[in-house]
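Novice:
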Amino acid sequence: MNVETLRWADGKLEMIDQRILPASFEYLAYDSATSVADGIRRMVVRGAPAIGVAAAYGVALEALRLRSVSAVDFTNGMKVGFAVLAQSRPTAVNLFWGLERMRRVWIGVAELDNTTVAQRLLAEAHEILAEDIRINRAMGRYGAELLPDGARVLTHCNAGALATAGWGTALGVLRSAVEAGKKISVIADETRPFLQGARLTAWEMVQENIPVTLITDTMSGFMMSRGEVDAVIVGTDRVATNGDVANKIGTYMVAVLAKRHNIPFYVACPLSTIDTSIASGAAIPIEERSTEEVTGFRECQWAAKGVMVRNPAFDVTPAELVTALITEKGIVHEPNKERIANLFRH
Ligand code: MRU
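Here it is, written out as structure tokens:
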């Protein structure tokens, strides 16, 4: 299956509307930094690497939109575009990584005319998209080695093609293992409250005939205690330099359960998701989303009106619970400060 989560068509960025999957499959078109930021905020596109790619296109679209204005207005407009995109979601570091990469390209060609700058930025966005797929393939090859033939692998949230430019990080590892001839079955937990597991991971696996069983988030401990889980693989939104991992809310719970049952807990992590500026997970900003996501789903609201609600969208799994990080540069067993620093040395 070749899901194009984001694609360039007719001078616009098109993104699959992930809010309506799997009931409907539809692309929405974007033509400015503000509209892309809105798409990220509203979760049309989600998943750390996909958000980074979308933000890069947001910058390029803004440059294209502003190409006929004066040099001063172009500079000011671009600065606003960068700021709007940076405010769209706080936790996935790929957003800021993508913006920083685009900013460096802009600075490098800032003396040239607007049209040339816009073309250069668009070329960089295309390269970020293509590179993301190459990186996912590389992680997949390394990660597949960790999975025994016949493995039953639990995953949380959606770290698949839909969360990236294609192939996926955690689901990319599963795809690569299947491609290598291994018999793999997937246990997808629902991932309350936004249901990325039930709606997106289950859909991706069903499309490809990779056997997948859906469970609610509360069932993973039971499955592990019955010996029905051989490994856990998740993606990540931000990894600190000590190996602490931020990922979708509920990941920490799964990691604790995996430790209790002696099940390996793997994190598929492109280098763009490692935040080299922070010492530990305590410094990772955790997004709080709307209370309506917890009190119901879409039109159906089931909780008592007036109840107090919390909705942190991510949690942090301490490095000590992580068996290994799977990166495009290889496997980092028992990640710590030194091993993570090594990834950036060569
Ligand atoms: O809120 P979301 O859907 O953007 O959260 C996504 C996740 O937590 C993913 O697991 C993570 O971004 C890794 S995606 C390869």
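Counting in our numbering, the sequence shown runs from 9 upward without gaps.
Where is the CB? At the ideal position from N, CA and C, for every residue including glycine.
If you're wondering where the values come from, they're calculated on a predicted model, not measured in any experiment.
From Ala131, Ala62, Asn10 and Gly148, pick the residue whose C-alpha is nearest to that of Gly243; which is it?
Specialist: Gly148
Novice: Assign Val194 to one of two classes, buried (16 or more other C-beta atoms within 10 Å of its C-beta) or exposed (fewer than that).
Specialist: Residue burial annotation: Val194 is buried, with at least 16 other C-beta atoms found within 10 angstroms of its C-beta.
Novice: Straight-line CA distance for Val324 to Lys267?
Specialist: 15 Å
Novice: In angstroms with no decimal places, state the Cα-to-Cα distance between Phe90 and Ala64.
Specialist: 10 Å
Novice: Can you tell me where the beta strand (DSSP E) holding Asp323 begins and where it ends?
Specialist: Phe322 to Thr325
Novice: Could you pull out every residue in the same chain whose Cβ sits closer than 6 Å to the Cβ of Ala41, ignoring the five residues on either side in sequence?
Specialist: Gly66, Glu70, Gly89, Val92 and Leu93
Novice: Please report how far the alpha carbon of Gly189 lies from the alpha carbon of Gly151, in whole angstroms.
Specialist: 14 Å
Novice: Please look up how many angstroms separate the CB atoms of Ala159 and Asp238, rounded, as I've assumed it's under 8 Å.
Specialist: 4 Å
Novice: Counting Cβ pairs, one atom from each stretch, are 3 or more of them under 8 Å apart for the segment 134-145 and the segment 202-212?
Specialist: Too few Cβ pairs lie closer than 8 Å, so no.
Novice: Excluding the five sequence neighbours on either side, which residues of its own chain have a C-beta within less than 7 Å of the C-beta of Met110, listed in chain order?
Specialist: Cβ neighbours of Met110 beyond the five flanking positions: Ala64, Val67, Leu129 and Glu132.
Novice: Indicate, with yes or no, if ligand 1 has a heavy atom lying under 7 Å from the CB of Gly205.
Specialist: no
Novice: Our contact map puts Met231 next to Ile241 with C-beta atoms below 8 Å; I'd like the distance itself, whole angstroms only.
Specialist: The pair is not a contact, with the Cβ atoms about 15 Å apart (cut-off 8 Å).
Novice: For the beta strand (DSSP E) that Leu21 lies in, which residues bound it at each end?
Specialist: Segment Lys20 to Ile24, the beta strand (DSSP E) holding Leu21.
Novice: Quick check on Leu74: does DSSP put it in helix, strand or coil?
Specialist: It is coil, neither helix nor strand.
Novice: Glu296 bridges to which residues according to DSSP?
Specialist: Pro320
Novice: Does the Cβ of Gly148 lie closer than 7 Å to at least one heavy atom of ligand 1?
Specialist: No, ligand 1 has no heavy atom inside 7 Å of this Cβ.
Novice: What does Leu14 pair with, by DSSP beta-bridge criteria?
Specialist: Met23
Novice: Beta carbon of Gly151: closer than 7 Å to some heavy atom of ligand 1?
Specialist: no
Novice: Quick check: the Cα distance between Glu342 and Gln26, rounded to an integer number of angstroms?
Specialist: 34 Å
Novice: Excluding the 5 residues flanking Phe305 on each side, which residues of the same chain have their C-beta closer than 8 Å to its C-beta?
Specialist: Pro201 and Leu203
Novice: Counting only the same chain and skipping the five closest in sequence on each side, list residues whose C-beta sits under 6 Å from that of Thr123.
Specialist: Hits under 6 Å: Arg75.
Novice: Give me the Cα-Cα distance between Thr335 and Thr177, rounded to the nearest whole angstrom.
Specialist: 9 Å
Novice: For ligand 1, I want to know if Pro57 counts as a neighbour, meaning its beta carbon is within less than 7 Å of at least one of the ligand's heavy atoms.
Specialist: Flag set: Cβ of Pro57 near ligand 1.
Novice: Strictly by DSSP, which residues pair up with Lys256?
Specialist: Phe322
Novice: Are three or more beta carbon pairs between the segment 95-103 and the segment 243-260 nearer than 8 Å?
Specialist: yes
Novice: Leaving aside the five residues before and after Pro30 along the sequence, list all residues of the same chain whose C-beta is less than 7 Å from its C-beta, in chain order.
Specialist: Arg207 and Trp211
Novice: Heavy atom of ligand 1 less than 7 Å from the Cβ of Ala62, yes or no?
Specialist: no
Novice: Going by DSSP, which residues form a beta bridge with Phe305?
Specialist: In the DSSP output, where bridge partners are listed per residue, Phe305 has Cys308.
Novice: To test your reading of the DSSP string, which unbroken beta strand (DSSP E) runs of 3 or more residues are found completely within the segment 189-264?
Specialist: 193-197, 220-223, 239-242 and 253-256
Novice: What's the C-alpha gap between Val125 and Asn84?
Specialist: 14 Å
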